[in-house]
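Here the protein sequences come in this chain order: A and B.
So for the first sequence, full-length UniProt numbering puts the first residue at 1; every next one is plus one.
So for the second sequence, full-length UniProt numbering puts the first residue at 1; every next one is plus one.
Written out below as structure tokens is the structure these notes cover.
There are 2 protein chains.
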Amino acid sequence: MAQLRPGPNLSRIATSLGVSVATVSNALSGKGRVSEQLVGKIREHAAELGYVPSQAGRALRTGRSGVLGLVLPDIANPLFPKIAQAIEFAAASAGYGVLIADSRGNVSAQTEAINRLVERGVDGLVIVPRRATRISAASCPVAVIDTASTPGNTVAADHWQGGQLIAAHLADLGHKRILIIGNNPESNVQNDRAGGIRSGLCPGMSAETLWIEKLEHQAGSGCPLGLARKVGEGFTAFAALSDLQALRVLTELQRDGIHVPAQASVTGFDDLIWSAVVTPALTTVKMDMDAIAEIAVSALVKNIKTSSTREGALVTAEKDRVPMQLIIRQSSAPANPVQEHLQMENS
Amino acid sequence: MAQLRPGPNLSRIATSLGVSVATVSNALSGKGRVSEQLVGKIREHAAELGYVPSQAGRALRTGRSGVLGLVLPDIANPLFPKIAQAIEFAAASAGYGVLIADSRGNVSAQTEAINRLVERGVDGLVIVPRRATRISAASCPVAVIDTASTPGNTVAADHWQGGQLIAAHLADLGHKRILIIGNNPESNVQNDRAGGIRSGLCPGMSAETLWIEKLEHQAGSGCPLGLARKVGEGFTAFAALSDLQALRVLTELQRDGIHVPAQASVTGFDDLIWSAVVTPALTTVKMDMDAIAEIAVSALVKNIKTSSTREGALVTAEKDRVPMQLIIRQSSAPANPVQEHLQMENS
DNA sequence: CTGAAAGCGCTTACAG
DNA sequence: CTGAAAGCGCTTACAG
Numbered sequence: 001m002a003q004l005r006p007g008p009n010l011s012r013i014a015t016s017l018g019v020s021v022a023t024v025s026n027a028l029s030g031k032g033r034v035s036e037q038l039v040g041k042i043r044e045h046a047a048e049l050g051y052v053p054s055q056a057g058r059a060l061r062t063g064r065s066g067v068l069g070l071v072l073p074d075i076a077n078p079l080f081p082k083i084a085q086a087i088e089f090a091a092a093s094a095g096y097g098v099l100i101a102d103s104r105g106n107v108s109a110q111t112e113a114i115n116r117l118v119e120r121g122v123d124g125l126v127i128v129p130r131r132a133t134r135i136s137a138a139s140c141p142v143a144v145i146d147t148a149s150t151p152g153n154t155v156a157a158d159h160w161q162g163g164q165l166i167a168a169h170l171a172d173l174g175h176k177r178i179l180i181i182g183n184n185p186e187s188n189v190q191n192d193r194a195g196g197i198r199s200g201l202c203p204g205m206s207a208e209t210l211w212i213e214k215l216e217h218q219a220g221s222g223c224p225l226g227l228a229r230k231v232g233e234g235f236t237a238f239a240a241l242s243d244l245q246a247l248r249v250l251t252e253l254q255r256d257g258i259h260v261p262a263q264a265s266v267t268g269f270d271d272l273i274w275s276a277v278v279t280p281a282l283t284t285v286k287m288d289m290d291a292i293a294e295i296a297v298s299a300l301v302k303n304i305k306t307s308s309t310r311e312g313a314l315v316t317a318e319k320d321r322v323p324m325q326l327i328i329r330q331s332s333a334p335a336n337p338v339q340e341h342l343q344m345e346n347s
Numbered sequence: 001m002a003q004l005r006p007g008p009n010l011s012r013i014a015t016s017l018g019v020s021v022a023t024v025s026n027a028l029s030g031k032g033r034v035s036e037q038l039v040g041k042i043r044e045h046a047a048e049l050g051y052v053p054s055q056a057g058r059a060l061r062t063g064r065s066g067v068l069g070l071v072l073p074d075i076a077n078p079l080f081p082k083i084a085q086a087i088e089f090a091a092a093s094a095g096y097g098v099l100i101a102d103s104r105g106n107v108s109a110q111t112e113a114i115n116r117l118v119e120r121g122v123d124g125l126v127i128v129p130r131r132a133t134r135i136s137a138a139s140c141p142v143a144v145i146d147t148a149s150t151p152g153n154t155v156a157a158d159h160w161q162g163g164q165l166i167a168a169h170l171a172d173l174g175h176k177r178i179l180i181i182g183n184n185p186e187s188n189v190q191n192d193r194a195g196g197i198r199s200g201l202c203p204g205m206s207a208e209t210l211w212i213e214k215l216e217h218q219a220g221s222g223c224p225l226g227l228a229r230k231v232g233e234g235f236t237a238f239a240a241l242s243d244l245q246a247l248r249v250l251t252e253l254q255r256d257g258i259h260v261p262a263q264a265s266v267t268g269f270d271d272l273i274w275s276a277v278v279t280p281a282l283t284t285v286k287m288d289m290d291a292i293a294e295i296a297v298s299a300l301v302k303n304i305k306t307s308s309t310r311e312g313a314l315v316t317a318e319k320d321r322v323p324m325q326l327i328i329r330q331s332s333a334p335a336n337p338v339q340e341h342l343q344m345e346n347s
């Protein structure tokens, strides 16, 4: 049988150096009590040989794979890149790999995705759940990222506070009538954001909410939202509950000859890739994904290292709310001369 | 020491059934020659017990982890969701898991990411390279996804042909002067697309290329591109080399009072999430990511199963070019009454 | 400070 | 058709 892993293993280093594998293992891991000089010699030799420890061997022995699973409701979601990047970074920093699984489609696909990951032996799971799914305890520690309203949630952006930032910003700009625009009345995230906006309104301000239908991505753009008419009715600010909807709002207004921000302000959420690219650039509220990922991963890792059984439960200790941050861009500049002047200069 | 994996293992099933582990293993894998009835009994019992094979044990024994690595130049890239989703699906269908790594930043980060994955014991690697990186042969099979112009490339969308689709579409619409808009003259992908467009022009048509600077995502929108002036100069079609740039073009034109598509057509590439959402919806050219992923993964899997050594090289046998597909939406409807009528009806 | 030994769970020739 | 045995590479008590 061919040598499957061409690289050297512990015993090759051991024999080559005339010591035992146990000593090599201890020297390399820094755990056992090995003499300084021997440690040096062993490490040097290992490096020379280009030794790479076998994850399989280690995993079999320790019962830990060193891998975390990431389950997403829909990888095609535009927020995904940021989540994945942040989780991957946090995991890599903690010495873990990240296995992905897409629960595209329904809830049963989510369960399947979780199972696939568990079968691959992940030590823990980061789950961004679909709608308001309750995650039935998997057989490993689980961290859930969504909103405070989600049962079993561990950590999330403070969407409510994010909404308040939008409200305060629009108040500063002097807006009185706000139209909140979402596409999913069932979404915890969107409800938190909308609630935050309403709770943050100042006296004299009012808000209505418009739930628009979800677009089929293939089908081309849906019905016009009639936003120009809303401007006619006196709405001057459109607060979308996601940048994707903000984009829809912005382009429809522009197409219908409404000038943004001179005639109406548009704001979004999430600071998605295009928010800085469109003209005018979108004012938005950003999650601190790196912080969220860091909290989720470290909670998971702590749990993994603590409990010696793999029987996992939700890592619920924390329940962190990570504050969001307002990013002011041109789409919500106030429609007064001073601001317009400034805006022209830096555009 | 606590039982790390709570689940049953082969020997538990074996003793519980009074047979040998070898027989259980053979029955479950369907490889060995085990009597029909015994196979049935064993499988049934395994299912009852909720047996999940240990990947670690299997990996250690076989030298294969059953995991593929996916290396991306920048996970924050908006194309990433589609790539990841497609690769994950293709891999899962072939019985493989997908470990991700982000080579954010420079080329050395890419090498590091590859090493991290190799150290985790991936059986093969799917790499979307940065710029024109040459992938130095890693110690496992590698499939590279980029363009035909990329050295060592295995499979990619036919970006050139995609460009030709755009050219033919604009020709059909009666456009004469085309402005091609890209942001990276070094990019193989963008050059292929631009070349395809130019090569597909009909007699009487002409194209110029405008390379715009890359936006810093944080910095807010960059300088205006002066597109309205280009309309004044007689350009009637703006062919962006990616939907992100198309979005920038579309919103700037609209902000400056140019009506799309009445006064100018706008097209993009990639069918990114927002292309169907904006008003007017973007005409674009779509990659068949599922096909690309399927080809890359199956080439990898074939190579993994064939070669018994893990010494991998680039899986270069195929060199497939997967055709792209034109998706016509409102942003490039011709500016004649008939079309405008149709457009109103289905909008 | 160092080493001999056991064992994690699996698969695969080989023998019966 | 079935089983006994070896061994993948590692870590961890335990003994010296």
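Backbone N, C-alpha and C fix where the C-beta goes; we use that ideal spot for every residue, glycine too.
From the DSSP output, which residues share a beta bridge with residue i?
i	result
T284(B)	I327(B)
I87(B)	None, per the DSSP bridge assignment.
G97(A)	V67(A)
S206(A)	R177(A)
W211(B)	G182(B)
V322(B)	A157(B)
A239(B)	I180(B) and T267(B)
Strictly below 8 Å CB to CB, what residues from chain A border residue i?
i	result
G121(B)	S54, Q55 and A56
A293(B)	Simply none; closest approach about 12 Å.
E48(B)	Those do not exist, as E48(B) stays about 17 Å from chain A at its closest Cβ, beyond 8 Å.
R116(B)	A92 and G97
S65(B)	Q55 and A56
Please work out which residues of its chain come closer than 7 Å, Cβ to Cβ, to residue i, disregarding the five sequence neighbours upstream and downstream, and give them in chain order.
i	result
S332(B)	H169, L173, P261, S265, V266, T267 and T283
H217(B)	At H217(B) the pLDDT is 44, less than 50, meaning the model places this residue with poor confidence; the figure from the coordinates comes in the next sentence. Cβ neighbours of H217(B) beyond the five flanking positions: none.
T150(B)	P129, A132, V144 and N188
S11(A)	V21
So what's residue i in DSSP terms, helix, strand or just coil?
i	result
E233(A)	coil
residue 350(A)	Because chain A is modelled from 1 through 347, residue 350(A) falls outside the range shown and cannot be assessed.
residue 348(A)	The structure shown does not extend to residue 348(A), since chain A is modelled only from 1 to 347, so the question has no answer here.
V142(B)	strand
G124(B)	strand
R104(A)	coil
D74(B)	coil
G182(B)	strand
V155(A)	strand
R33(A)	coil
D256(B)	coil
D270(A)	coil
A148(A)	coil
A333(A)	coil
S187(B)	coil
G7(B)	coil
Along chain A, in chain order, which residues have C-beta atoms closer than 7 Å to that of residue i?
i	result
L247(B)	W274, V277 and V278
A59(B)	A56
R255(B)	Q254, T279 and P280
Starting from the beta carbon of residue i, find every residue of chain B whose beta carbon is closer than 8 Å, and list them in chain order.
i	result
D102(A)	A84, Q85, E88 and F89
Along chain A, in chain order, which residues have C-beta atoms closer than 9 Å to that of residue i?
i	result
P78(B)	P78, P81, L272, I273 and W274
To which residues of the same chain is residue i closer than 8 Å at the C-beta, ignoring the five residues directly before and after it?
i	result
A94(A)	V297, S298 and V301
I258(B)	L227, A228, V231 and A264
R120(B)	S65, V67, G69 and L99
I87(A)	L68, L70, V98, V126, A293, A296 and V297
A194(B)	G163, I180, G182, T209 and L241
L17(B)	V24, K41, I42 and H45
Kindly list the residues whose CB is nearer than 6 Å to the CB of residue i, restricted to its own chain and excluding five residues on each side of it in sequence; keep chain order.
i	result
A167(A)	I197, G200 and L201
A240(B)	I181, A246, V249 and G268
Using the beta-carbon of each residue, which ones in chain B are nearer than 7 Å to residue i?
i	result
E252(A)	T279
Report the neighbours of residue i on chain B: residues whose CB is nearer than 9 Å to its CB, in chain order.
i	result
L244(A)	I273, W274 and V277
For the 8 Å Cβ check, are there 3 or more pairs between the stretch 30-44 of chain B and the stretch 33-45 of chain A?
no
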